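In my numbering, the protein residues as written are 202 to 367.
Built from N, CA and C at the ideal position, the CB exists for glycine as well.
Just so we're clear, the structure is a prediction, and the values are computed from it rather than from any experiment.
Quick notes on the structure that follows.
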Amino acid sequence: MATLLYLRAVSTVASAAVPPLRSQPVLAISLVWRPGHDISAASRADLFDLGVRWSAIDGSGACGLVPLDAEPDATDVLDSLGQALTKHDDDLAELRADFCTAIVCRLDNETTGDAATIVQAVTRAGVGVEQIHHAASELTLVVADRDRERAMSLALPTTAADGSPA
């Protein structure tokens, strides 16, 4: 099972250090359509109403997560997802749901390195990244369990509001 790094960047000032990352349990969901298959736009819209924070739904599949400390709970989400996908059995090649650990931080463009900089820092530190999801002020990285502790100890690259290193 992979460990999910859910990096939401933390706002800092030039003199402040980046606070430690906070972990949160999540359910990571991955759908893969059969080659040459796709679901309709209406069916895609139905998936957004299930309580899953989707980071991507496209012609090849979908990836998202469910925080396990939020409503609806994971069991309700999986039941709803199963019902929504039953009419797409012929289109669906794989449905995977893994209980993972999310590492939470906030992205703030004025004081924190951008998503690409953070991804580079994580991979340069030898952490294997299996999935990357980026939406507005949130960056989600899925890493192998063997790299979880190393990922938790990383210092995120930060900059001051004027663009100089913090």
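- Under the three-state reduction of DSSP output, Val323 falls in the helix class.
- Taking 8 Å as the cut-off, the beta carbon of Leu308 is found no closer than this to the beta carbon of Leu296.
- The alpha-carbon separation between Thr341 and Cys264 amounts to approximately 11 Å.
- Residue pairing from DSSP places His335 in a beta bridge opposite Leu340.
- If you ignore the 5 residues before and after His238, its C-beta comes within less than 6 Å of the C-beta of Asp292, all in its own chain and listed in chain order.
- Counting other Cβ atoms within 10 Å of its Cβ, Asp348 reaches 16 or more and is therefore classed as buried.
- Distance from the Cα of Val227 is smallest, within the candidate group Ala275, Val330, Ala257 and Asp250, for Ala275.
- Excluding the 5 residues flanking it on each side, Ala316 has same chain C-beta neighbours closer than 6 Å at His335 and Leu340, in chain order.
- Residue state for Gly283 is assigned as helix, using DSSP reduced to three classes.
- In the DSSP assignment, the residues bridged to Val227 are Pro268 and Cys301.
- The residue among Gln284, Phe249 and Ala294 with its C-alpha nearest the C-alpha of Leu266 is Phe249.
- Comparing alpha-carbon positions, the option among His289, Val320, Cys301 and Thr318 lying closest to Gly262 turns out to be His289.
- The three-state reading of DSSP puts Ser244 in helix, counting H, G and I together.
- Looking at Leu355, Leu232 and Arg235, the one whose alpha-carbon comes closest to that of Ala326 is Leu355.
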